[in-house]
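Just so you know, the sequences run in chain order A, V and P.
Under the working numbering, read the first sequence as residues -5 to 295, first letter to last.
Under the working numbering, read the second sequence as residues 34 to 268, first letter to last.
Under the working numbering, read the third sequence as residues 20 to 325, first letter to last.
Here a beta-carbon is modelled for each residue, glycine too, at the ideal position from N, C-alpha and C.
On a predicted model such as this, the values are computed, not experimentally measured, just so you know.
What follows is a single structure, written as structure tokens, with notes after it.
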Amino acid sequence: MSVAEAGVTRKAVERTTRGQQVRELGFRAALLFSLSFGFLALAVLLIDVILDGASLISYDFLTRFPSQIFPERSGISSALQGTLYLMVLTAVFIVPVGLATAVYLEEYADRERWWNQLVEVNIQNLAAVPSIVYGILGLTFIVRGALDLGAVLLAGALTLGLLVLPVVIVVAREAIRAVPSSIREGSMALGATQWQTIWKQTLPGALPGIATGVILALSRAIGETAPLILVGAIAFVPFNPDPNPAEGQYSAIPITILSSVSNPDRDVQALASGAIIVLLAILLVMNAGAVYLRNRYEQKW
Amino acid sequence: MPDSNRQQFQEELRGLEVSALGGLELVAGSLDRALETVQERDIELASMVIADDDRIDGRYLEVHQGILSLLALQAPVAGDLRVVAALLHVIKHVERMGDQCVNMAKMVPLAGHDPPKDEELLQNIGRMGELARSLVIQSGQAFERRDVGLAVDLVRQDDEIDRLNKACFRRALEIGDDPDEREWAMHMMLIARCLERIGDNCVDIGEQTAFVVTGLFREFEDASHPELAPQPPGA
Amino acid sequence: MQENVTQDPEERQRDASASGAPAVPSTRDGQVQTQALEAKGQKATGERKPIFGLEKVGVAYGGVPAVREVDFPIYQHQITALIGPSGCGKSTLIRCLNRMNDLIPAAKVTGKVNYHGEDLYGSDVDPVQVRKRIGMVFQKPNPFPKSIYDNIAFGPRVLGQKGDMDEIVESALRRGALWDEVKDRLKTNAFGMSGGQQQRLCIARALATDPDVILMDEPCSALDPISTGRIEDLMLELRENYSIVIVTHNMQQAARVSNMTAFFTVELDEDEKHRTGRVVEYDDTEKIFTNPSDDRTEAYVTGKVG
Chain A
-5 MSVAEAGVTR
5 KAVERTTRGQ
15 QVRELGFRAA
25 LLFSLSFGFL
35 ALAVLLIDVI
45 LDGASLISYD
55 FLTRFPSQIF
65 PERSGISSAL
75 QGTLYLMVLT
85 AVFIVPVGLA
95 TAVYLEEYAD
105 RERWWNQLVE
115 VNIQNLAAVP
125 SIVYGILGLT
135 FIVRGALDLG
145 AVLLAGALTL
155 GLLVLPVVIV
165 VAREAIRAVP
175 SSIREGSMAL
185 GATQWQTIWK
195 QTLPGALPGI
205 ATGVILALSR
215 AIGETAPLIL
225 VGAIAFVPFN
235 PDPNPAEGQY
245 SAIPITILSS
255 VSNPDRDVQA
265 LASGAIIVLL
275 AILLVMNAGA
285 VYLRNRYEQK
295 W
Chain V
34 MPDSNRQQFQ
44 EELRGLEVSA
54 LGGLELVAGS
64 LDRALETVQE
74 RDIELASMVI
84 ADDDRIDGRY
94 LEVHQGILSL
104 LALQAPVAGD
114 LRVVAALLHV
124 IKHVERMGDQ
134 CVNMAKMVPL
144 AGHDPPKDEE
154 LLQNIGRMGE
164 LARSLVIQSG
174 QAFERRDVGL
184 AVDLVRQDDE
194 IDRLNKACFR
204 RALEIGDDPD
214 EREWAMHMML
224 IARCLERIGD
234 NCVDIGEQTA
244 FVVTGLFREF
254 EDASHPELAP
264 QPPGA
Chain P
20 MQENVTQDPE
30 ERQRDASASG
40 APAVPSTRDG
50 QVQTQALEAK
60 GQKATGERKP
70 IFGLEKVGVA
80 YGGVPAVREV
90 DFPIYQHQIT
100 ALIGPSGCGK
110 STLIRCLNRM
120 NDLIPAAKVT
130 GKVNYHGEDL
140 YGSDVDPVQV
150 RKRIGMVFQK
160 PNPFPKSIYD
170 NIAFGPRVLG
180 QKGDMDEIVE
190 SALRRGALWD
200 EVKDRLKTNA
210 FGMSGGQQQR
220 LCIARALATD
230 PDVILMDEPC
240 SALDPISTGR
250 IEDLMLELRE
260 NYSIVIVTHN
270 MQQAARVSNM
280 TAFFTVELDE
290 DEKHRTGRVV
300 EYDDTEKIFT
310 NPSDDRTEAY
320 VTGKVG
């Protein structure tokens, strides 16, 4: 057929065979198919929710309290404020604790010691523990037991904090580890102490990674329902959360969604869709923020 | 790979050394013919010697260029560097000795076809010639073998040449009263002087040998520092 | 006159008898040598003052010796080069001089390191102060991800140095031969500089803490020849006021800039288990590269080995 096959000349570069091309195409098609599967499912869900709940979204919806008597005049103000307040408190809790743990493990701990190795292994495990177990933990030790705070917002924040703490620690460690040792060495060679090096070089260098990680951890916490139920967040709260987080009852959006969906009244069910949209919107903003932070401030070593 | 590069370098260096020392062979040949020219007063042989010096000059350029190339491209250090530096000196001395042979050959046409005038002077010059030839060969051997003892021994023979040179000078003065003989004697003196220079050049090559081996440059015999003269190695 | 660390008595004999001349160099030789050395900015032997004294210094990582029995002085206002094949412990040794080996938990330093006559590893010695006086520049330029200004100011700030920071920064950049190039962009990020500039920045940064000594661990190996040349020029300038110790793989560099050279080799231990580094020869650079005393040195510098 071709001159090459006749053995007279050889082509400088081998051409791909038909078979190879078909295999390549087939592989790509399979990948796209898998991708679209998940994509499609998500799209269907979103469209359904938006169709149901878009009409509900209004300023009133966000600022009115839930009403069992007049569902058409219900709002998610208490749940929204509860969720936002929870996020703030959780962040206040997880950032210092997570950072301190990560710094200790990366900078100070002697890897050879058995107790440090134990901590290492267990942090990975903790991230995989089901959230309801954290709920039980919170109920037993925070709401009752040692801390005995009662079913207050602070308890909810602490529980959620414990839930996402392993994630923060892992991400913070990655970010700290990403700071090259040459920076540390350079800093110490100039006469900085270890603490000065961590505070002025390592942490600032790791900050974008840590911030991204914290936001992602919070966006996981925001949607957790089971632990909140167990520590006593209430579905129907006709008032905004008390500024003192150690006092008073509170609600959160996931709780509202859960209770609305299980209510026989169709109008109440519609509330769920609205709440879902609000939650998704918050998540979107948080994740977009994380992406923005990562792209803008990411340190390329 | 560093190995083969280094091997190539060593081979090049050795080649340069062989080339430079080969120049000494050329000088010995030139010297033989120049001495024969003096004895036989052969003008044709004289012009051959003069023409042949081109070969020695060519050898000089070749070795010189090779050394420059080696220095530029390979940056030799330590022992290798000393060899390279010594070879520069050696080839220069080779070239000078070649020129001395030419100078000797040039004397002959001037001296004319007259028979030699004085046996004693002729004999001295013959003896000087033998010594000079021996020095040329021995200096090459000493360098090749890196034999410092052999190099130092060159001084002994050179001293003999110097002694004979002085003897020639005295003899030339003696027979210089006769105007006929005077001119011939002057030419013979100049020839003796060429041989004496050849001797000195060989001693210099011996000093280069000592330099390569010890890393110290020391003149074997320095008129202003006679106390530094080396003793020949003990038995 | 010469500091030959492990010259065999036989070798010394060879040197002496070979020339057939008296073994003691004559005054004329001495004069010529002194003149040659002074031309290179080196003081004659009698005028050199030691700044470091290494006495049987050794370093082991987790019990395995990396380098041992290092014993020689390092002189003030000179550039001392440490050369040798890979794994011979030169980088390990230089890190002893500013206690950077303290950062490696498994590293243990034996022997005595004297600095201006005092034991650098004494119990009351503060490693932070050690590193203020003895600065270090690394193989790969490692500027901080901050502005040029903040890079230079970092050392003085953490050490609590008093004085006008602007002046301190300018002075350091001038001494580091970088001021003219960056004076208009002090607030820009240091990562925007070229490799050679970054390394000069690291040198200026080390100079900002007003040290005595600058240690350089293969400072030019990641740089192009032109940048290398500029840094070598800088080293020669700095020699006036500082003492410099440089580890280098590049023998021509050691030959070009250093006054003294120490040649390290790596040997199998007596128990045949570990390879350890040790110093073979320490002498004037000129001697090392024209007429080394030890055959191992000769083999290494002429490229026959390593």
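Check	Outcome
Return the CA-CA distance between residue 77 of chain V and residue 271 of chain P, expressed in angstroms with no decimal places.	54 Å
Distance, Cα to Cα, residue 269 of chain A vs residue 190 of chain A?	46 Å
With a threshold of 7 Å between beta carbons, is residue 15 of chain V in contact with chain P?	Not covered by the structure: residue 15 of chain V. The range shown for chain V is 34 to 268.
Can you give me the Cβ contacts of residue 58 of chain A inside the same chain, cut-off strictly under 7 Å, excluding the 5 residues immediately before and after it?	67, 68, 69, 71
Taking residue 46 of chain A as the reference, give the member of A/101, A/266, A/290 with the closest Cα.	A/266
Jot down the residue ranges of each uninterrupted beta strand (DSSP E) in the segment 79 to 159 of chain P, minimum 3 residues, whole runs only, in chain order.	83 to 89, 92 to 94, 98 to 102, 126 to 134, 153 to 156
Taking 7 Å as the CB-CB cut-off, is residue 180 of chain V touching chain P?	no
Which residues in the same chain have their Cβ closer than 6 Å to the Cβ of residue 203 of chain A, if we skip the five residues on either side of it in sequence?	169
Just to check my reading of the structure: residue 61 of chain V and residue 137 of chain V have Cβ atoms closer than 8 Å, yes? What is that Cβ distance to the nearest angstrom?	Their Cβ separation, rounded to whole angstroms, is 14 Å, which puts residue 61 of chain V and residue 137 of chain V out of contact at 8 Å.
State yes or no: is the C-beta of residue 241 of chain P within less than 7 Å of the C-beta of residue 156 of chain P?	no
In this structure, what does DSSP give as the bridge partners for residue 283 of chain P?	P/298
Assuming the contact rule is C-beta atoms closer than 8 Å, residue 304 of chain P and residue 278 of chain P should be a hit. Round their C-beta distance to whole Å, please.	6 Å
Please state whether DSSP places residue 248 of chain A in a helix, a strand or coil.	helix
For residue 236 of chain P, which beta-bridge partners are listed by DSSP?	P/266
Note down, in chain order, all residues in the segment 69 to 86 of chain P with a beta-carbon under 9 Å from any beta-carbon belonging to chain A.	none
Are the Cβ atoms of residue 120 of chain A and residue 160 of chain A separated by less than 7 Å?	yes
Helix, strand or coil: which one does DSSP assign to residue 74 of chain P?	strand
If contacts are defined as beta-carbon pairs under 8 Å, then residue 141 of chain V and residue 225 of chain V qualify, I think. What distance do you get, rounded to the angstrom?	Their Cβ separation, rounded to whole angstroms, is 14 Å, which puts residue 141 of chain V and residue 225 of chain V out of contact at 8 Å.
Nearest chain P C-beta to residue 110 of chain V closer than 7 Å, yes or no?	yes
Closer than 8 Å by beta-carbon distance: list the chain P residues that pair up with residue 48 of chain V, in chain order.	What residue 48 of chain V touches in chain P: nothing, since even the nearest Cβ is about 17 Å away.
Give the DSSP-derived three-state secondary structure of residue 47 of chain P in the structure shown.	Interpretation of residue 47 of chain P is limited by its pLDDT of 45, a score under 50 that renders its predicted location unreliable; the figure taken from the coordinates is listed afterwards. Three-state result, residue 47 of chain P: helix.
Kindly indicate if chain A contains any beta-carbon less than 7 Å away from that of residue 258 of chain P.	no
Can residue 164 of chain P and residue 188 of chain A be called in contact, C-beta distance under 7 Å?	no
If you check the beta carbons only, do residue 59 of chain V and residue 39 of chain V fall under 7 Å apart?	no
Taking 7 Å as the CB-CB cut-off, is residue 187 of chain A touching chain P?	yes
Output yes or no for whether 7 Å exceeds the beta carbon distance between residue 250 of chain V and residue 119 of chain V.	no
Using only the alpha-carbon positions, how far apart do residue 42 of chain P and residue 112 of chain V sit?	Reliability fails at residue 42 of chain P, whose pLDDT of 34 lies under 50, so the model's placement of it is uncertain and no value is given.
Can you pull the chain P neighbours of residue 113 of chain V, defined as C-beta to C-beta under 7 Å?	321
Compare the C-beta of residue 248 of chain V against all C-beta atoms of chain P and say whether one is closer than 7 Å.	yes
Inspect the beta-carbon positions of residue 149 of chain A and residue 136 of chain A and report whether they are closer than 7 Å.	yes
Straight-line CA distance for residue 106 of chain V to residue 50 of chain V?	17 Å
Is it buried or exposed for residue 82 of chain P, if we count other Cβ within 10 angstroms and need 16 for buried?	exposed
Who are the Cβ neighbours of residue 281 of chain A in its own chain at under 8 Å, not counting the five residues just before and after it?	209, 210, 213
For residue 317 of chain P and chain V, any beta-carbon pair shorter than 7 Å?	yes
Please classify residue 37 of chain P: does DSSP put it in a helix, a strand, or coil?	Note that residue 37 of chain P scores 41 on pLDDT, short of 50, meaning its location in the model is unreliable; the coordinates nonetheless yield the value given after this. Three-state DSSP puts residue 37 of chain P in a helix.
Put residue 260 of chain P into one of helix, strand or coil per three-state DSSP.	coil
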